[in-house]
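These notes concern the structure reproduced below.
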Amino acid sequence: MTKKGRSLLWFRKGLRLHDNPALLEAAKDVEHLFPVFCIDPHFYEKQPIGVNRINFLFESLADLHESLSARGSRLLVLRGDPKQILPQVWKDWGVTKLCYEQDTEPYALERDNEIGELAKKAKVEVKTFLSHTLYDPVEVKKAHGGKTPETYKAFQSAVAKMPPPPSPVRDAPEKLPTIAPKAKGAEEKATGVPTLAEVGYTDKPTTSFHGGETKALARLTKSLEDKEWVVQFEKPKTSPAALEPSTTVLSPYMKFGCISARLFYAKLVQIEKEKKKHTSPPTSLVGQLLWRDFFYTVGYHTPNFHHMLGNPLCKQIQWDVDPVLYKAWDEGRTGYPWIDAIMVQLQQQGWMHHLARHSVACFLTRGDLYVSWTLGRDTFDRLLIDGDHFVNNGNWMWLSASAFFSQFFRVYSPITFGKKYDKQGKFIKHFLPVLKDMPDKYIYEPWTAPEEVQKKAKCIIGKDYPKPVVEHATKHKDNLNRMKSAYDANKSPQKRKEISDGFDEMARAEVLDMEADDDEDEEK
DNA sequence: TGTGCGTTGATTCG
DNA sequence: CGAATCAACGCACA
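Quick note on numbering: full-length UniProt numbering labels position 345 of the first sequence as 345, and the sequence is numbered without any gaps.
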């Protein structure tokens, strides 16, 4: 049988050659294969992506290109809106089949729907595959009696009724079909992975984590080396103050699909079987993978999951609109070293420990500043190399006690929480060198240090390092009362609606616009 | 309608 | 260092 046809493999997430069913389908029985990634302006129109995050993506693309090249292919990187670009290239290149991995994020659903329609008109066959999550969110809902599981437990009971997650499919073949040699515009349009400078970045990336399937697989192997550690893993017992991460840091690779969740899962289950005794969800490593699938599932089925307004799961809360407090948090100058050090770690590394994220998220919202979780979500989305739509939004609602979690009286202290893990404040001193000579005794509350101690440490509070922007002891108590009132109000649909109607989204937008205004001021 | 539980709080007491 | 207490939420299930 002679091979005919030309397929286009569209990479979005799933930046890998292992466990990639769309790739296997695209490479099957065709004469030529066009592996494509689109740099879609949609993802940086709302806010500029942090340099670490965009670099992680570019590194992942470069790695993908290398791996494809080793198999006689290459990665074609296109610039622009895929809804415009793809129809053009499949016409130019004579593409007969379009293959990609399903993406359930709201923007992706809309985009892919539209592209599906365009493909139909152009008589391009479309084949899609579910391989980003362990379970299909649609199937999970079915298994739960047609209702969306809104708690982890409900999710667990739903998936317990389902077949286990599919095993990873076989790796990409050693030889892939080539790109058609004279495909019109293939070389001009697809100019390889862009440099940071080309897309307007002048700053260098600062993170020590690097993207790509190769790095991902190496990290997976290393993470699973110590099987005893694997089977004893309990997330809450790992330290948020460790300078060498106390967890796997596989999340950025999971976000971009440099690693397959199903591969990770299969390996964990194998080790658990081997060792017999092991920890269990929700705290175990398998439990962590299930959290990811839980948020993907509930997020997919909840309208306006990434908003407070119009989100049926989300408590309607009249958060303060305070650009000054928000910016102090965002830029790591709240005057609470534990909070600021974590925010600096976010800027530098694009990654923080899960409990560190809890600390700063609680602080921004119900704990101290009483600023909307959606602003914190945006900061994380901009700077985290593992920022993942459903997981990020879900966790922000959790920490702000807007959904999933309702014991709002459990507040993280910006002073004592970190102390439990790091009495000497090594973490703080690493990320806030201005405090490096502050005695351990004052490291979590430097404003309490006597003047001569501050002088000796060459760190005057209010000059070299900020005074606290709010007083935690009093503010968190005020907030507790406000949360109690908000919860009471949410019991009444009428009052809930009143809060929604009165919540000024424009005011929230102004907070974001402030940064643009600042830039203008600097130029003047 | 009551009860127990919920991935990861803080403080105090023994 | 573990347990009780603080003040007290919503949800699932009996």
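We treat Cβ as the ideally placed atom computed from N, Cα and C, and that holds for glycine.
- Message: At the level of alpha carbons, what is the spacing between A473 and P337?
- Response: Mapped onto the first sequence, residue 473 falls at position 473. Mapped onto the first sequence, residue 337 falls at position 337. Each residue's CA atom was taken as its position, placing A473 and P337 some 16 angstroms apart.
- Message: One question on the structure: do W93 and R6 come within less than 8 angstroms of each other, judged by their Cβ atoms?
- Response: Looking up residue 93 in the first sequence gives position 93. Looking up residue 6 in the first sequence gives position 6. R6 is positioned such that its CB atom lies closer than 8 angstroms to that of W93.
- Task: Would you identify the three-state DSSP class for D521, choosing helix, strand or coil?
- Result: As a position in the first sequence, residue 521 is number 521, starting the count at 1. For D521, the pLDDT reaches just 37, beneath the cut-off of 50, and the residue's location in the model is therefore unreliable, leaving the point undetermined.
- Task: To the nearest angstrom, report how far apart Y44 and D322 are at their CA atoms.
- Result: Reading the first sequence from its first residue, position 44 is the one you call residue 44. Reading the first sequence from its first residue, position 322 is the one you call residue 322. Between Y44 and D322, the C-alpha separation is close to 25 angstroms.
- Task: List in chain order: all unbroken beta strand (DSSP E) runs of 3+ residues lying wholly within the stretch 307 to 386.
- Result: Whole beta strand (DSSP E) segments, 3+ residues: zero.
- Item | Assigned exposure category for W229 - 16 Cβ within 10 Å defines buried | Taking the first sequence and counting its residues from 1, the one referred to as residue 229 is at position 229. Around the beta-carbon of W229, fewer than 16 other beta-carbon atoms lie within 10 Å, marking it exposed.
- Is the beta carbon of K267 within less than 7 angstroms of some heavy atom of the ligand GTP? The model depicted lacks the ligand GTP and carries no ligand whatsoever.
- Have a look at A158 and K182 and give me their C-alpha separation to the nearest angstrom. The sequence position of residue 158 within the first sequence is 158, counting from 1. The sequence position of residue 182 within the first sequence is 182, counting from 1. Between A158 and K182, the C-alpha separation is close to 51 angstroms.
- Message: Would I339 and P194 qualify as a contact pair, given that the criterion is a beta-carbon distance under 8 angstroms?
- Response: On the first sequence, position 339 is the one that residue 339 refers to. On the first sequence, position 194 is the one that residue 194 refers to. No, these two residues do not count as a Cβ contact at 8 angstroms.
- Item | Uninterrupted beta strand (DSSP E) stretches inside the UniProt domain "Photolyase/cryptochrome alpha/beta" (5 to 134) (no shorter than 3 residues) | Within the UniProt domain "Photolyase/cryptochrome alpha/beta" (5 to 134), the complete beta strand (DSSP E) runs of at least 3 residues are 6 to 11, 32 to 39, 76 to 79, 97 to 101 and 125 to 129.
- Can you have a look at N311 and say buried or exposed, based on whether 16 or more other CB atoms are within 10 angstroms of its CB? In the first sequence, counting from the first residue as 1, residue 311 sits at position 311. Label assigned to N311: buried.
- Message: Measuring straight from C-alpha to C-alpha, what distance separates P414 and A241?
- Response: Your numbering for residue 414 matches position 414 in the first sequence. Your numbering for residue 241 matches position 241 in the first sequence. Approximately 13 angstroms between the Cα atoms of the pair.
- Message: Assess contact between the stretch 282 to 296 and the stretch 386 to 403, defined as three or more Cβ pairs (one per stretch) separated by less than 8 angstroms. Is contact present?
- Response: Enough Cβ pairs lie closer than 8 angstroms, so yes.
- Counting along the chain, where does the alpha helix (DSSP H) carrying L285 start and finish? Counted from its first residue, the first sequence places residue 285 at position 285. Per DSSP, L285 belongs to the alpha helix (DSSP H) from L285 to H301.
- Where does E515 fall in DSSP's three states? As a working note, residue 515 is residue 515 in the first sequence. Reliability of the predicted coordinates at E515 is poor, the pLDDT of 46 falling under 50, and no value is obtained from them.
- Item | Helix, strand or coil at I499 according to DSSP, with G and I counted as helix | Within the first sequence, numbered from 1, the residue matching residue 499 stands at position 499. Residue state, collapsed to three classes: helix.
- Item | Reference K276, options S239, K227 and L384, closest by Cα | For the purposes of this step, residue 276 is identified with residue 276 of the first sequence, where counting begins at 1. The shortest Cα separation from K276 among S239, K227 and L384 belongs to K227.
- Message: Looking only at its chain, what residues have a beta carbon closer than 7 angstroms to the beta carbon of residue 583, apart from the 5 residues adjacent to it on each side?
- Response: Absent from the structure is residue 583, since the part of the chain shown begins at 1 and ends at 524.
- Message: If you reduce the DSSP assignment to three classes, tell me which class Y465 lands in.
- Response: Here residue 465 corresponds to residue number 465 of the first sequence, with the count starting at 1. Here Y465 sits in strand by DSSP.
- Could you round the C-beta distance between G212 and E110 to whole angstroms and report it? I think they count as a contact, below 8 angstroms. Position 212 of the first sequence, counting from 1, holds the residue named residue 212. Position 110 of the first sequence, counting from 1, holds the residue named residue 110. Actually they do not touch by this definition, with Cβ atoms about 29 angstroms apart.
- Cβ separation of E101 and F129, assumed to be a contact under 8 angstroms, to the nearest whole Å: As a first step, residue 101 is located in the first sequence; it is residue number 101 there, counting from the start. As a first step, residue 129 is located in the first sequence; it is residue number 129 there, counting from the start. Contact holds; Cβ gap of about 6 angstroms.
- Near T238, which residues of its chain fall below 6 angstroms by C-beta distance, leaving aside the five closest residues on each side in sequence? Within the first sequence, residue 238 is the residue found at index 238, counting from 1. Apart from sequence neighbours up to five positions away, the residues of its chain that approach T238 with a beta-carbon distance below 6 angstroms are S246 and T247, ordered along the chain.
- Assigned secondary structure, I428 (DSSP; H/G/I helix, E/B strand, else coil): Against the first sequence, residue 428 aligns to sequence position 428. Note: I428 maps to helix in three-state DSSP.
- For the alpha helix (DSSP H) that contains L263, what are its first and last residues? As a first step, residue 263 is located in the first sequence; it is residue number 263 there, counting from the start. For L263, the enclosing alpha helix (DSSP H) begins and ends at A261 to K275.
- Under the rule that 16 or more other beta-carbon atoms within 10 Å means buried, what is D422, buried or exposed? What you label residue 422 is simply residue 422 of the first sequence in a count that begins at 1. Flag for D422 reads buried.
- Smallest Cα separation from residue 526: which of P149, D320, E125 and P236? Given that the chain is displayed from residue 1 to residue 524, the structure contains no residue 526 and the question cannot be resolved.
- Query: Whose CA, out of L399, R382 and Q348, lies closest to the CA of F363?
  - Reply: Here the question's residue 363 lines up with position 363 in the first sequence. Nearest Cα to F363 within the set L399, R382 and Q348: L399.
- Can you tell me whether W10 is buried or exposed, with buried defined as 16 or more other CB within 10 angstroms of its CB? Your numbering for residue 10 matches position 10 in the first sequence. Counting Cβ neighbours within 10 Å, W10 comes out buried, since at least 16 surround it.
- Task: Would you kindly report the start and end of the unbroken alpha helix (DSSP H) that includes H472?
- Result: Along the first sequence, read from residue 1 onward, the residue named residue 472 stands at position 472. Membership of H472 in the alpha helix (DSSP H) is indicated by the continuous run H472 to N490.
- Task: Please list, in chain order, all residues of the same chain as K135 whose beta carbon is under 8 angstroms from its beta carbon, the five residues on each side excluded.
- Result: Counting from one through the first sequence, the residue named residue 135 turns up at place 135. It is Tyr, not Lys, that sits at residue 135 in the sequence shown. For Y135, where only same-chain residues beyond five positions count, the Cβ hits under 8 angstroms are V159, M162, P165, D293 and T297.
- Supposed contact pair Q349 and T207 - C-beta distance, whole angstroms, cut 8 angstroms: On the first sequence, position 207 is the one that residue 207 refers to. On the first sequence, position 349 is the one that residue 349 refers to. Contact flag correct, Cβ pair sits at about 5 angstroms.
- Message: Assuming E228 is part of the alpha helix (DSSP H), what are its boundary residues?
- Response: What you label residue 228 is simply residue 228 of the first sequence in a count that begins at 1. K227 to Q232 is the span of the alpha helix (DSSP H), which, as asked, contains E228.
- Task: Can you have a look at I385 and say buried or exposed, based on whether 16 or more other CB atoms are within 10 angstroms of its CB?
- Result: The count along the first sequence starts at 1 and reaches residue 385 at position 385. Under this definition I385 is a buried residue.
- Query: Of the residues I54, F408 and Q288, which one's Cα is nearest the Cα of Y201?
  - Reply: Counted from its first residue, the first sequence places residue 201 at position 201. Here the closest residue by C-alpha is I54.
- Task: Kindly indicate which residue of K120, P433 and S402 has the alpha-carbon position closest to the one of A486.
- Result: One-based indexing of the first sequence puts residue 486 at position 486. A486 has its Cα closest to that of S402, out of K120, P433 and S402.
- Name the two residues that bound the continuous alpha helix (DSSP H) containing Y201. Numbered from its first residue, the first sequence carries residue 201 at position 201. Here Y201 belongs to no alpha helix (DSSP H), and DSSP marks it neither H nor E.
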